[in-house]
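Colleague: Below: one structure in C-alpha cells.
Chains as they are written, first to last, in my numbering: chain H, 894 to 1392; chain A, 779 to 1276.
What follows is the structure, given as C-alpha cells:
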C-alpha cells in the first residue's frame, strides 16, 4: 500500500498546529495531556510509510509554497517524529498540572515548526517553520519559571533572535542571487554569487546558533538543562539538528571547493567536540553534562559539514553520513535526557537493568560495537578517510575523530556518575516509564530498521564489524575508561587524605 | 450621471451622512446611534468591495466638478485608492464595534461618534481624491475632525496633546497648501496620473520642482510622523483607545504616507523624482526614522506610548519602500500600508482592553495578564510578532518583499535597516510577551471589571481577535488573489505601465 505523501504532510503539520486550540476549553486539560504523544503520529507514518519523492505545491502560501521529501529530509523527519512521540509519551507522566495548558500549547507549536521545516522546500515556509520552532521553544525553556529558567530563556531568546536575523539576511541575499524562492536553487546560486562569503558567513552563523557552534553555543548549556525533561530531550535531540539541516540545504555543498570555509568549520567542529567535553566533565548536574555532550557531538557533525564544504566530490557521501549520524545521535541523546527523570526500582536486579538501559544509549554514543553509534562512527570514519579527501586539514581528521570518541565516553561516564548521586528509588508514573523505555528501544533496536542508507561505506546493518573495525571502535573507549579510572582514583585519594 | 460616477461619491457620502445623522440624534439614543454607525460601516464595506472588484476588472470610477476655473474637485478610484479605501472600510467597521463597547456609559458619545464618522469620511475622501486640491481638502478635514477625538476626555493632558496636535498639523497643512499652490501656478491643475507629470521636465524648472517636493514632503511628513516632524504622535496617545487605533492604523499617519505615495507616483512620477535626486535622501530619512523611533520605543514604560513610537517607525517603512525606486521595494512599501494598519490596530485594541478591563496602562503592570485575558493576550502576541517581522505573519511579507526589492536595485544597506528594526522591535515587544504569559500575577489588578464568562466585553474582545486572525491570514495566504500583496503588485504593475 502506498500512502499519499502530500495529504499526510498537511495532516502532519496541521495536527500539532491546531492542537493548541484545545486550550480554549478549560476542562480539556486532561485530554490535552493525553494527546501529546499522538501529535507526531501522522508525521511518523509519513516518514515510514511514504516513499520519498513526493511533492506538494501550495501556490497560495506565502511567496508560493513547495513541500517535498528526499532521502535526507526523510531521515530528519523520522528523527523528529519519533523523538517527539516518545518524549510526548514521557511528558504525559512527567508534567505537573501547573501551567499545563501553556506548556502543551508551546509543545504543539514547537513540534509543528520542527516537523514543517524538515519538509519545506520553499524559503518562506522553511524560515517560517524555523521561526515558529524557535519562538515557541522559548515557552518550553522558561516553563519552570525559576530565576534560572528565566535567565536561560533570556539568553536563549536574545541569541535566537540574532540567529534568526542572520538567517533572514543570508536567505534574502541568497534568494536574490538565485532569483528564486526555492531552497533547492540556493546552493548553486550561492556558489557563484559575488557576495558568496557574506552569504555563507550569515548562514553559518545564523544556523550555527541553533546547532551549538562554538562561541554561538552559550544559550545551549543554560537552556537545555532547565527545561522540563521531555522538552530537554527534544531540544537536544531534534531541534538542535534543525540548524544542521539548515546548513545542508542552503550552503553550496558539492558545488565548489571552499577550502577556507571548510577549514574554518573543521576547526570549529574540532573545538566544539573537544572543548565542550572539557567543560562538560566539570559540570555537576547530569542534564548540563548532556547539554555539553550535545555540543560536542554536534562538533563532529560540523566537522563533516566542513569536510563537505572543502571537498565537493565527497559531499554527497558525507550528506548521507551526516544524516545517519544525526539520526543516531538524536535518538541516543533523547533517551539519555529522558533517563535523567526516572526513578530506580527497589530490587537489586531491577536497579541493574535500569542502569544498564540508562547506560546503553550513552555507550552507543561512544561507539559501542553492535549499536547505532558503532555504525555511525564507522561510517564517519569511512566518510572522512584521509586518502579520499582532498584538502589541507584532512590529515588531522582521524586524530580529531579519535579525540572526539574519547571525549564522548568521558562525558557519558560523567553523566552516569552525576546521575547516580541524584537518582532516587521510587515509583515512576507508568507513562513516563513507557516513554523512556520506548526511547531506549528505538535507539537500540528499532534504529536498525530505519531507512538510513550509507551505500558503499558500511554494509548495513553491521551486526558484526570486522575485527580491525572492532579495535578501531574500542581503543578510544579504553583510553576514556583509563582516564575516568584515574580521575576517580585521584578524587578518592584526595577525599581520603582528609579524614 | 452613470453608476461609475456615483460610486465614489456614494462611498464618500455614506460616512458623511452617518456623521450628520449621529449629530442630529439625541445623546441618549444609544440603540439608534449604534445602528446608524454599524449600518453605515457595513454599507460602506459593501460599496468598497464592489469597487475593488470593479477596479480589478478595469472599471473607471470617477467624477469631477469645476469649483472655480482652473480648480477642479476630482474623485477617482484607481488601484491605489482602493488599497487605502479598503483598509479604511474594513477597519472602520471593526473600530466602530470596538468604540461602542469602549465608550459604554461614558458621556459625550454623540459628539464622539459624529466626529468619528466625519474622520472616516475624510479618509475616504483622501483615498478617492483625484488631484492635489481635492486631496488637500479632505486632508485638512481630517485634521479638524480628529482634534475633538484626541481631546475627547477633556483632561488637561488631553487638551495639551490636542494643542500640540493642532499646531503640528495646521502648520503642516499650511506648508502643504503653499506647495500645492506653487505647483499649481507652475504647472496648472494636475490630476493624479500613473507615471506622473514630470518625466523629462524642462531643466529650468528643476530647482523649483525640488523645492516644491521638499515642501510637499514637509507638509505631508507631519501626519506621516517622519522625523523630525513626529513630536505630536506620542502625545496624542492620550486619546481613547479606539481613536488611537484609528489614528495609528488608518486615519492620520496613513493619510500622510498615502499623500507621499501619491506625490511620488502620480504627481512627480518615480522616474522623474529619482532623476531629480529626490528619492535617495527620502529613503535615508525614512531609514533613520525607522531606527530612531524604534530606539525611542525601547525606553517607554507606558504601553500606548511604546506603541506610538512603534507606529512612527513602521509608517516609515511605507515611505522607504517607495523611495527605493524599484518595483519590488515599492510593493513592499505599499503592502505595508495595509499590513501595518492591521497589526497596529490589533495592538491598540489590546492596549485598550487591558486599560478598560484591568486598569493596566504601564508595561510593568502587565505581568500574568495572559492568564486573566487569554484572548486579548493572544491577539497582542500575534500583533507583536507581526511587527517584529516573524514569518509567516503580515510583517514578514513586508520585510521579505522590501528586502528583495532593495537587493534588486543594489541598495544592500536597506537589509541592515530591516534587520536592525526587527531586532529593536523584538527588544521592545518580546519582554511584553514574556510578561503576559510567563510571569505570575503580582497581587491584584489596578482596576478590574468583570463581564461574566468572557474575559472582557464581547464588543472589545472580537475586534482584536479578528484583526489578529487577519494578521496571520494576510501573511500565510499572501499569494492569493486580492491579498494585500497581490493588490500591491497590481498597483505597481499599473503604475509602471500607464
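Virtual Cβ for every residue (Gly too), placed ideally from N, Cα, C.
#1: Does DSSP put residue 851 (chain A) in a helix, a strand or coil?
#2: Shorter than 7 Å from the beta carbon of residue 1258 (chain A) to some beta carbon of chain H?
#3: Using the three-state DSSP reduction, which class does residue 958 (chain H) fall into: helix, strand or coil?
#4: Taking residue 1129 (chain A) and residue 1205 (chain A) to be in contact with their CB atoms under 8 Å, please state how far apart those CB atoms are, rounded to whole angstroms.
#5: Give, in chain order, every residue of the region 1041-1068 of chain A whose Cβ lies closer than 8 Å to some Cβ of chain H.
#6: Is there at least one Cβ from chain H nearer than 7 Å to residue 1105 (chain A)'s Cβ?
#7: Whole alpha helix (DSSP H) runs in the region 1199-1243 of chain H with 4 or more residues, listed along the chain?
#8: Between H:1328, H:1251, H:1198, H:1256, which lies nearest to residue 1277 (chain H) when the distance is taken from Cα to Cα?
#9: Does the structure place the region 1004-1015 of chain H close enough to the region 1181-1191 of chain A that three or more beta carbon pairs sit under 8 Å?
#10: Please classify residue 947 (chain H) as buried or exposed, where buried requires at least 16 other C-beta atoms within 10 Å of its C-beta.
#11: Taking only beta carbons into account, state which residues of the region 945-958 of chain H come closer than 7 Å to chain A, listed in chain order.
#12: Using beta-carbon positions only, say whether residue 1297 (chain H) and residue 1193 (chain H) come within less than 7 Å of one another.
#13: Are the Cβ atoms of residue 1092 (chain H) and residue 1066 (chain H) separated by less than 7 Å?
#14: Residue 902 (chain A): buried (16+ other C-beta within 10 angstroms of its C-beta) or exposed?
#15: Below 7 Å CB to CB, which residues in the same chain sit around residue 1050 (chain A) once its five sequence neighbours on both sides are set aside?
#16: Using a Cβ-Cβ cut-off of 7 Å, state whether residue 825 (chain A) counts as contacting chain H.
#17: Closer than 7 Å between beta carbons: that is the criterion. Which residues of the region 1181-1214 of chain A meet it against chain H?
#18: I want to see whether chain A comes within less than 7 Å of residue 1062 (chain H), judged by CB atoms only; does it?
#19: Residues of the region 1064-1085 of chain H with a CB closer than 7 Å to any CB of chain A: list them in chain order, please.
#20: With a cut-off of 7 Å, does the C-beta of residue 1255 (chain A) fall near any C-beta of chain H?
#21: By the DSSP assignment, the alpha helix (DSSP H) with residue 1092 (chain A) in it spans what residues?
#22: What does residue 1075 (chain A) reach in chain H if we use C-beta pairs closer than 8 Å?
#23: For a cutoff of 7 Å on Cβ pairs, would you count residue 1049 (chain H) as touching chain A?
#24: Below 7 Å between beta carbons: does that hold for residue 1113 (chain A) and residue 1057 (chain A)?
#25: Could you tell me whether the region 1070-1080 of chain A touches the region 1090-1100 of chain A, using the rule of 3 or more Cβ pairs below 8 Å?
#26: By DSSP, does residue 1105 (chain A) sit in helix, in strand, or in coil?
#27: For residue 955 (chain H), collect the residues of the same chain with a Cβ closer than 8 Å to its Cβ; drop the 5 residues on either side in sequence, then sort them by chain order.
#28: If we define contact as Cβ-Cβ less than 7 Å, is residue 1024 (chain H) a contact residue for chain B?
#29: So, at 8 Å on beta carbons, what are the nonlocal neighbours of residue 1193 (chain A) in its own chain, with the 5 sequence-adjacent residues on each side left out?
#30: Is the beta carbon of residue 855 (chain A) closer than 7 Å to that of residue 822 (chain A)?
#31: Tell me the DSSP secondary structure of residue 950 (chain H) in three-state form.
#32: Under 8 Å by Cβ, that's how I've got residue 907 (chain A) and residue 820 (chain A) pegged, so tell me the actual separation to the nearest angstrom.
#33: Ignoring anything shorter than 4 residues or poking outside the region 871-943 of chain A, list the alpha helix (DSSP H) runs there in chain order.
#34: Mind checking which residues open and close the alpha helix (DSSP H) that includes residue 808 (chain A)?
#35: Measuring alpha carbon to alpha carbon, tell me which of A:1006, A:827, A:994, A:1054 ends up nearest residue 1039 (chain A).
#36: In whole angstroms, give me the CA-to-CA distance for residue 1187 (chain H) and residue 1024 (chain A).
Modeller: The answer reads as follows:
#1: Mapped onto the second chain, residue 851 (chain A) falls at position 73. The answer is strand: DSSP assigns residue 851 (chain A) an E or B state.
#2: The sequence position of residue 1258 (chain A) within the second chain is 480, counting from 1. Chain H contact via Cβ: present.
#3: The residue given as residue 958 (chain H) occupies position 65 in the first chain. Residue 958 (chain H): strand per DSSP, three-state reduction.
#4: For the purposes of this step, residue 1129 (chain A) is taken as residue 351 along the second chain, with counting starting at 1. For the purposes of this step, residue 1205 (chain A) is taken as residue 427 along the second chain, with counting starting at 1. 19 Å between Cβ atoms; not a contact.
#5: none
#6: Here residue 1105 (chain A) corresponds to residue number 327 of the second chain, with the count starting at 1. No, residue 1105 (chain A) does not count as interfacial toward chain H.
#7: Here the runs fully enclosed are 1208-1232.
#8: Residue 1277 (chain H) sits at position 384 when you count from the first residue of the first chain. The shortest C-alpha separation from residue 1277 (chain H) is found at H:1198.
#9: no
#10: Here residue 947 (chain H) is taken as the residue at index 54 of the first chain, counted from 1. Buried is the call here.
#11: 952, 953, 954, 955, 956, 957
#12: Within the first chain, the letter at position 404 stands for residue 1297 (chain H). Within the first chain, the letter at position 300 stands for residue 1193 (chain H). Yes, the pair counts as a contact, with Cβ atoms nearer than the cut-off.
#13: Residue mapping note: residue 1092 (chain H) aligns to position 199 of the first chain, counting from 1. Residue mapping note: residue 1066 (chain H) aligns to position 173 of the first chain, counting from 1. Against a cut-off of 7 Å, the Cβ pair of residue 1066 (chain H) and residue 1092 (chain H) comes out as a contact.
#14: As a working note, residue 902 (chain A) is residue 124 in the second chain. That one is buried.
#15: On the second chain, position 272 is the one that residue 1050 (chain A) refers to. The beta carbon of residue 1050 (chain A) sits closer than 7 Å to those of 974, 976, 977, 979, all from its chain and outside the five residues before and after it, given in chain order.
#16: Against the second chain, residue 825 (chain A) aligns to sequence position 47. No, residue 825 (chain A) does not count as interfacial toward chain H.
#17: 1181, 1182, 1185, 1186, 1193, 1197, 1200, 1201, 1204, 1208
#18: Taking the first residue of the first chain as 1, we reach residue 1062 (chain H) at position 169. At least one chain A Cβ lies under 7 Å of residue 1062 (chain H).
#19: For the region 1064-1085 of chain H, the set of residues with a beta-carbon nearer than 7 Å to any beta-carbon of chain A comprises 1065, 1066, 1068, 1069, in chain order.
#20: Numbered from 1 along the second chain, position 477 holds the residue referred to as residue 1255 (chain A). Answer yes: the Cβ-Cβ gap between residue 1255 (chain A) and chain H drops below 7 Å somewhere.
#21: Position 314 of the second chain holds residue 1092 (chain A). That run of the alpha helix (DSSP H) goes 1081-1101.
#22: Here residue 1075 (chain A) refers to the residue found at position 297 when the second chain is read from its first residue. Residues of chain H with a Cβ closer than 8 Å to the Cβ of residue 1075 (chain A) do not exist, since the nearest Cβ in that chain sits about 16 Å away.
#23: Here residue 1049 (chain H) corresponds to residue number 156 of the first chain, with the count starting at 1. No, residue 1049 (chain H) does not count as interfacial toward chain A.
#24: As a first step, residue 1113 (chain A) is located in the second chain; it is residue number 335 there, counting from the start. As a first step, residue 1057 (chain A) is located in the second chain; it is residue number 279 there, counting from the start. For residue 1113 (chain A) and residue 1057 (chain A), no; Cβs fall outside 7 Å.
#25: The answer is yes - the region 1090-1100 of chain A touches the region 1070-1080 of chain A, with three or more Cβ pairs under 8 Å.
#26: If you number the second chain from 1, residue 1105 (chain A) lands on position 327. Here residue 1105 (chain A) sits in helix by DSSP.
#27: If you number the first chain from 1, residue 955 (chain H) lands on position 62. 1015, 1017, 1018, 1021.
#28: Absence of chain B from the displayed structure is noted, the protein chains being H and A.
#29: In the second chain, counting from the first residue as 1, residue 1193 (chain A) sits at position 415. Result list for residue 1193 (chain A): 1181, 1184, 1185, in chain order.
#30: Translated into the one-based positions of the second chain, residue 822 (chain A) becomes position 44. Translated into the one-based positions of the second chain, residue 855 (chain A) becomes position 77. Not in contact: residue 822 (chain A) and residue 855 (chain A) (Cβ atoms no closer than 7 Å).
#31: Here residue 950 (chain H) refers to the residue found at position 57 when the first chain is read from its first residue. Three-state DSSP puts residue 950 (chain H) in a strand.
#32: Here residue 907 (chain A) refers to the residue found at position 129 of the second chain. Here residue 820 (chain A) refers to the residue found at position 42 of the second chain. Actually they are not in contact, since the Cβ atoms of residue 907 (chain A) and residue 820 (chain A) sit about 24 Å apart, beyond 8 Å.
#33: Fully enclosed alpha helix (DSSP H) runs of 4 or longer: 887-906, 910-928.
#34: The residue you call residue 808 (chain A) lines up with position 30 of the second chain. Element bounds for residue 808 (chain A): 808-834.
#35: Position 261 of the second chain holds residue 1039 (chain A). Answer by Cα proximity: A:994.
#36: The residue labelled residue 1187 (chain H) in the question sits at position 294 within the first chain. The residue labelled residue 1024 (chain A) in the question sits at position 246 within the second chain. Roughly 50 Å between the two C-alpha positions.
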